[in-house]
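Residue numbers (the UniProt record's numbering): 1 to 490.
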């Protein structure tokens, strides 16, 4: 017998949906979620890498400043998209938004490949950024609500880390498509811009088969439909020969639907109810964003100005750098579920900061070369990448379901704003490569910021491993959890 959401006299529903979703063993349904939703970060990495290679510069007669603005306008679009679609994700649902935002990205990136003038490119790069920014909120919310608690940490961290798979794909695509001996200069970069939309068309078809989050549905008055979806998921799991744990009636929650959360209630959640979690989320998002943008957007300048590599040679060093960033979340992700969130966040942030600190002193002493300096970056960001991915996981799981999308959007936006200071500051510190001392102090600053993030995480972090989302932060729509659950249907 399946226990479904049962209405009470007050108009609330008593539901076991969170418990039923978390007791599921790993099955094909979860792979569908990972593949269908996880591609967003691959697309983001692909987009950033294509723009950084600036294959369109000569075709559109753009200066270096204009090329840089093409990247900036994309990041601005991400922030606007996150803020716009974050609230809609909480109001209209996860599925509707992860379809809409991917469609916006497809249109923006595809049309950008048809650009004949800089302003046209800027407009559609902004649109593509809108879509990807919205993806961050809808996808993180959906993944955390659809994946069982036992696997949530490793899955979320691995998926966020696949940004670097997209960056690698963009690097290899640029290597072939921007080679004018193979492809005409005015054609190769346009084909490169179509790679993401082609991938997206396949993924948007997959996403049609991913259901709405039952957790979101039951808090928005759609309890019966939510139960039907969970019934179907459980049936598919059983059809694969997997067993389900018995339903624990004591895990039921009484939920009274709330269609929309007023902004004053959102402020209350962040400032009054969970102030330490707000500090934790902001610290993690700001520190990782500053470090990444500072180093990632200037590493080529360091290789060129201090180690005298040309642009082509410097681009080759990106490959091991990206591989290290991709490997960290994939290899360390499961430890966030076993060793624990606080300990692993502390460890990854601290090790990343200390390795960068050591490299700063060696850089100042002049004992590094291009290869050894890149090795230090690879080791530091192997750990930093897992830590950065856990920042999105943390913000997503430590706040109530009804404001999850908005929490991700606000914290992401603030992190991006602070992160935008990194390239400007470090670009000025690199200068023409004649003086190492300014950049040395820049590295000291970046490493200190990561170490500060580690200390904050170990002091006020949340031990969320293995816990249901509703146990970490009760839904705002929860009114009671007393009394047994009455079966609504067999």
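From the three backbone atoms N, C-alpha and C, an ideal C-beta is built for every residue, glycine too.
Secondary structure at residue i, three-state DSSP: helix, strand or coil?
i	result
residue 479	strand
residue 14	strand
residue 253	strand
residue 305	helix
residue 273	helix
residue 268	helix
residue 117	coil
residue 485	Annotation note: pLDDT 41 at residue 485 (below 50); position unreliable, coordinate value reported separately. Residue 485 falls in the coil class under three-state DSSP.
residue 297	coil
residue 122	helix
residue 377	helix
residue 326	helix
residue 9	Because the pLDDT of residue 9 is 49, which lies under 50, any placement of that residue in the model is unreliable, and the question is left without a value.
residue 1	Low confidence applies to residue 1: its pLDDT is 41, below 50, so where it sits in the model is not reliable, and the reading given next is rough at best. Here residue 1 sits in coil by DSSP.
residue 30	helix
residue 470	helix
residue 105	helix
residue 83	helix
residue 434	coil
residue 20	helix
residue 355	helix
residue 465	coil
residue 449	helix
residue 490	Note that residue 490 scores a pLDDT of 29, beneath 50, so its modelled location is shaky; the value from the coordinates is reported in the next line. Of the three classes helix, strand and coil, the one that applies to residue 490 here is coil, per DSSP.
residue 93	coil
residue 577	With the chain covering only 1 through 490, there is no way to say anything about residue 577.
residue 423	helix
residue 369	coil
residue 171	helix
residue 43	helix
residue 57	coil
residue 145	helix
Would you call the CB atoms of residue i and residue j closer than 7 angstroms?
i	j	result
residue 318	residue 352	no
residue 294	residue 426	yes
residue 132	residue 49	no
residue 530	residue 306	There is simply no residue 530 to check, as the chain begins at 1 and stops at 490 in what is shown.
residue 301	residue 430	yes
residue 414	residue 214	no
residue 161	residue 329	yes
residue 66	residue 118	yes
residue 360	residue 443	yes
residue 524	residue 93	Outside the shown range of the chain, which is 1 to 490, sits residue 524, and nothing can be said about it.
residue 289	residue 460	no
residue 38	residue 159	yes
residue 334	residue 154	yes
residue 473	residue 400	yes
residue 113	residue 172	no
So, under 8 angstroms CB-CB, residue i and residue j are touching, yes? Tell me the CB distance rounded to an integer number of Å.
i	j	result
residue 188	residue 177	4 angstroms
residue 345	residue 165	Contact doesn't hold; Cβ gap of about 23 angstroms is too wide.
residue 299	residue 377	7 angstroms
residue 219	residue 453	That pair is no contact at about 32 angstroms.
residue 463	residue 340	6 angstroms
residue 157	residue 336	6 angstroms
residue 21	residue 247	Not confirmed; about 12 angstroms, so no contact.
residue 379	residue 403	The pair is not a contact, with the Cβ atoms about 37 angstroms apart (cut-off 8 angstroms).
Problem - the segment 98 to 109 in contact with the segment 220 to 231 per 3-pair CB rule at 8 angstroms - result: In the pairwise beta carbon analysis, the segment 98 to 109 is classified as not touching the segment 220 to 231: fewer than three pairs are separated by under 8 angstroms.
Practice task
Specify whether the segment 391 to 405 and the segment 139 to 149 touch according to this definition: at least 3 beta carbon pairs, one from each stretch, less than 8 angstroms apart.
Solution key: Touching, yes.
Exercise for the section: Taking 8 angstroms as the threshold, find out whether the segment 403 to 420 comes into contact with the segment 71 to 85 through three or more Cβ pairs. Expected result: Yes, the segment 403 to 420 touches the segment 71 to 85.
Problem - Stretch pair the segment 472 to 480 + the segment 251 to 266: three plus CB contacts closer than 8 angstroms - result: Contact holds between the segment 472 to 480 and the segment 251 to 266, because three or more Cβ pairs, one in each stretch, are under 8 angstroms apart.
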